[in-house]
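In the working numbering, the protein residues as written are 1491 to 2258.
For reference, the structure is listed below as structure tokens.
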């Protein structure tokens, strides 16, 4: 595969925008990309100015027709186009491509003849390689501007030899004659003062007679190395490479036409005066590198670079400080001193004492004036004396004599107040706004539209008053006081014009459990209630009164109402409110009162006997307003709301259960029950019964002695271990018919106390 500069040109210059050429189109093809093979390499010889024709060939080696073809040109400066074909594209004076709307049949070859002439300014003797690449027209991207001449056509013809590089064809043109290149260095000079940065323009000129074209190898036509004279240093060299303070390396383009000159502007700093010092401008100096060394006259390849430096010993002078003694200044101030110098002033600085002062000074165009902005660090909202000192510096480092000016720094705001106070609610009509405590150094007060800041009028002297026509659609005024040094103080009145009373929208209880509206006559409160209201008004509510049954109860917006003292089931409440403009509104309503927690049942019941190591207690609340929470407090406290709890019985004896219950109105009550823990078995023994092992034939009776501190509940008769009878009455006896049982049977009594504890008597055996 050949490697040629057209690859660089194609990658860098082609775009995705298809070129529209009159009479041409880019036909599509619907198969795999066919193989277009170019002809064999060719060689031509021509003299300067002589015409020569380049004959190209292309062969479609596939079995698919190609609908349209394109050839791209990679030629050099020596190739001068004799025609501007309408289906070809041109850029930079060279043909770049031609596109053909012809079908290339499978297996056929086509030829193309393109006329050229050797440019008169071509190098000679010299061989120039050019390359041509064939491709389907559908893959071609625009590469230039269409020509204005006739169309160039492919002609069917034999293939030119055997190509060695697929779609690429090479042509070597040998130009005869004697035409060389003379590159001449262009020196420069500059004049300035020590410390200045001056500009010098240097470069290279192609004195001909030939144009130098190194595009094929991709090298610059000229490499120019610039070294500054002693006592100077390079600050910048735009367009150059490898720029240091002591050297700049600059390149021309690949093609350097005859008669052209390429220059660069160097910025040089004059560090000191060195009489007779000279730098150099060298064109393509010798090196172990790939440069153009075929210059026909190397005697002019070097030129001097000189700088005429003068030493400045004259100090700059501050002709006018731009300030007057004891002048009043804001803490951030600007002024313009006038400074002169025989050379150039490079810096002006301002310092201050005793107040630290920061400054920035910039020169004014076409003037000796400098604009200095200073920040004098005095206390916020204070005034202080300060001394500003001005110094100027020139490029040579000379410093002016300092100029000091005493000033008075005013950082105190011209504060004032207005009456009526800001945000006041006013009734419509004429309102006189008075500005109070306006400082003596205020030079004007601007009356502004508070929404747009548009100026309404300006007050320039006391009495500081303004008459405002207050209407519902009027914008309240704002006031901006400006003192002698332009310190300002802004007050926006934000007045509210209100001619309507407030509207009480609703009154509600504030409750965690049952907030409800109470101003409709259907609302409820408990023994302690909090009432709040919502009111609509342009102005804020300034005053509130709560009246209960004709008595003033509160003036707070949130009414904490202790209802314990009211015995009636309802109360009459009146709410009175006044807005900031003095308008009043009221609302009366009946409030229903429920101060108790009702319908509550606690289990176990009072004096219930408890047996076992634990028992469950529960509470049931049937209050009409619903339960908020229920919590057991004793015999053990269990946090959180619950309806039942498991409690440890503990030792025998009484135990008190306490539940706390709250309804949703906030009423709270405690409910107590006493239970008796009994885990002790009753005392039991046979009182009367036949002797053990007695023989019995007739009915007989048995009784038992039974006792317990909480009473006996029942006695059971067990025969042969099975319960056959129960006695619930004191006396605790049974009659037994031995005939109902076997020849031998056992009798035993089981005694239960009221808690359910039990004890067995001794067992006796009888025979029949």
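Using N, Cα and C, we set each Cβ at its ideal position, and we do this for glycine too.
As the structure is a prediction and not an experimental result, all values here were calculated from the model.
In its own chain, which residues sit with a C-beta less than 8 Å from the C-beta of residue i, not counting the 5 before and 5 after it?
{"i": "residue 1821", "result": "1865, 1866, 1867, 1868, 1899, 1900, 1901"}
{"i": "residue 1823", "result": "1863, 1864, 1866, 1975"}
{"i": "residue 1547", "result": "1528, 1529, 1599, 1600, 1601, 1602, 1647, 1648, 1649, 1650, 1659"}
{"i": "residue 1710", "result": "1704, 1741, 1742, 1743, 1744"}
{"i": "residue 1916", "result": "1910, 1960, 1985, 1986, 1987, 1988, 2071"}
{"i": "residue 2175", "result": "2194, 2195, 2251, 2252"}
{"i": "residue 1733", "result": "1724, 1726, 1727, 1739"}
{"i": "residue 2213", "result": "2206, 2207, 2240"}
{"i": "residue 1515", "result": "In this prediction, residue 1515 scores a pLDDT of 31, lower than 50, which makes its location untrustworthy; no coordinate-derived value is stated."}
Is any non-hydrogen atom of the ligand NAD found closer than 7 Å to the C-beta of residue i, if you look at the structure I gave you?
{"i": "residue 1581", "result": "Of the ligands one can find in the structure shown there are none, so the ligand NAD has no counterpart to examine."}
Closest to residue i by CA distance: which of the options is it?
{"i": "residue 1998", "options": "2012, 1541, 1990", "result": "2012"}
{"i": "residue 1703", "options": "1650, 1733, 1781", "result": "1781"}
{"i": "residue 1567", "options": "1875, 1649, 1586", "result": "1586"}
{"i": "residue 1701", "options": "1843, 2067, 1749", "result": "1749"}
{"i": "residue 1930", "options": "1909, 1939, 1954, 1923", "result": "1954"}
{"i": "residue 2047", "options": "2032, 2152, 1874", "result": "2032"}
{"i": "residue 2073", "options": "2059, 2027, 1798, 2177", "result": "2027"}
{"i": "residue 1789", "options": "1798, 1772, 1795", "result": "1772"}
{"i": "residue 1452", "options": "1893, 1892, 1890, 1904", "result": "Because the chain here runs from 1491 to 2258, residue 1452 falls outside it and cannot be looked at."}
{"i": "residue 1838", "options": "1857, 2141, 1816, 1861", "result": "1861"}
{"i": "residue 2248", "options": "1993, 2198, 2226, 1994", "result": "2198"}
{"i": "residue 2258", "options": "2218, 2203, 2189, 2239", "result": "2189"}
{"i": "residue 2110", "options": "2089, 1590, 2122", "result": "2089"}
{"i": "residue 1639", "options": "1622, 1571, 1667, 1682", "result": "1571"}
{"i": "residue 1992", "options": "1920, 1795, 1943, 2068", "result": "2068"}
{"i": "residue 1895", "options": "1887, 1844, 1853, 1533", "result": "1844"}
{"i": "residue 2156", "options": "2004, 1668, 2226", "result": "2004"}
Leaving out the 5 sequence neighbours to the left and right, which residues in its chain are closer than 6 Å to residue i when beta-carbon positions are compared?
{"i": "residue 1697", "result": "1672, 1674"}
{"i": "residue 2266", "result": "Lying before the first or after the last residue shown, residue 2266 is absent from the chain, which here runs from 1491 to 2258."}
{"i": "residue 2066", "result": "2035, 2076"}
{"i": "residue 1513", "result": "Residue placement at residue 1513 cannot be trusted, given a pLDDT of 31 that sits under 50; what the coordinates show is reported in the next sentence. Contacts found: none."}
{"i": "residue 1818", "result": "1898, 1900, 1974, 1975"}
{"i": "residue 1755", "result": "1689, 1691"}
{"i": "residue 2163", "result": "2092, 2096, 2147"}
{"i": "residue 1831", "result": "1806, 1884"}
{"i": "residue 2263", "result": "Lying before the first or after the last residue shown, residue 2263 is absent from the chain, which here runs from 1491 to 2258."}
{"i": "residue 1695", "result": "1674, 1676, 1751"}
{"i": "residue 2136", "result": "2104, 2106"}
{"i": "residue 2100", "result": "2139, 2165, 2167"}
Anyone know if the C-beta pair for residue i and residue j falls short of 8 Å?
{"i": "residue 1528", "j": "residue 1624", "result": "yes"}
{"i": "residue 2205", "j": "residue 2237", "result": "no"}
{"i": "residue 2108", "j": "residue 2134", "result": "yes"}
{"i": "residue 1979", "j": "residue 2082", "result": "no"}
{"i": "residue 2183", "j": "residue 2255", "result": "yes"}
{"i": "residue 2085", "j": "residue 2017", "result": "yes"}
{"i": "residue 1833", "j": "residue 1798", "result": "no"}
{"i": "residue 1768", "j": "residue 1687", "result": "no"}
{"i": "residue 1633", "j": "residue 1579", "result": "yes"}
{"i": "residue 1880", "j": "residue 1811", "result": "yes"}
Kindly identify the DSSP beta-bridge partner or partners of residue i.
{"i": "residue 2079", "result": "2063"}
{"i": "residue 1747", "result": "Answer is none; residue 1747 lacks a bridge partner."}
{"i": "residue 2209", "result": "2212, 2237"}
{"i": "residue 1740", "result": "1714"}
{"i": "residue 1645", "result": "1601"}
{"i": "residue 2196", "result": "2174"}
{"i": "residue 1826", "result": "According to DSSP, which records beta bridges pairwise, residue 1826 is partnered with nothing at all."}
{"i": "residue 2262", "result": "As shown, the chain starts at 1491 and ends at 2258. That puts residue 2262 outside it, with no answer to give."}
{"i": "residue 2150", "result": "2121, 2160"}
{"i": "residue 2034", "result": "2067"}
{"i": "residue 1618", "result": "1663"}
{"i": "residue 2111", "result": "2090"}
{"i": "residue 1759", "result": "1687, 1723"}
Who are the Cβ neighbours of residue i in its own chain at under 7 Å, not counting the five residues just before and after it?
{"i": "residue 1500", "result": "Low local confidence applies: a pLDDT of 37 at residue 1500 is under 50, so the model's placement there is unreliable, with the coordinate-based value given in what follows. These residues qualify, in order along the chain: 1562."}
{"i": "residue 2312", "result": "In the structure as shown, the chain begins at 1491 and stops at 2258. Residue 2312 is therefore absent and cannot be evaluated."}
{"i": "residue 1521", "result": "Below a pLDDT of 50, predicted positions are generally treated as unreliable, and residue 1521, at 40, falls in that range; the measurement from the model is reported next regardless. 1554, listed in sequence order."}
{"i": "residue 1946", "result": "1937, 1938, 1939, 1967"}
{"i": "residue 1715", "result": "1737, 1739, 1772, 1775"}
{"i": "residue 1596", "result": "1550, 1552, 1553, 1554, 1555"}
### Completely contained beta strand (DSSP E) runs for the segment 1553-1614, where each covers 3 or more residues
Every unbroken stretch of the beta strand (DSSP E) spanning 3 or more residues and falling wholly within the segment 1553-1614 is given here in chain order: 1556-1564, 1569-1571, 1578-1581, 1584-1594, 1599-1608.
### Query
Enumerated in chain order, which unbroken segments of the beta strand (DSSP E) with a length of 3 residues or greater are wholly contained in the segment 1947-1994?
Runs found: 1955-1960, 1967-1973, 1978-1982.
#### Entry: Ordered list of beta strand (DSSP E) runs contained in the segment 1661-1708, each at least 3 residues
Taking 3 residues as the shortest admissible run, the segment 1661-1708 contains the following complete beta strand (DSSP E) segments, listed from N- to C-terminal end: 1671-1676, 1678-1683, 1687-1699.
### Task
Note down, one range per segment and in chain order, each beta strand (DSSP E) of at least 3 residues found wholly within the segment 1867-1942.
Taken in chain order, the unbroken stretches of beta strand (DSSP E) that lie wholly in the segment 1867-1942 and span 3 residues or more are 1873-1884, 1893-1900, 1907-1909, 1919-1926, 1932-1939.
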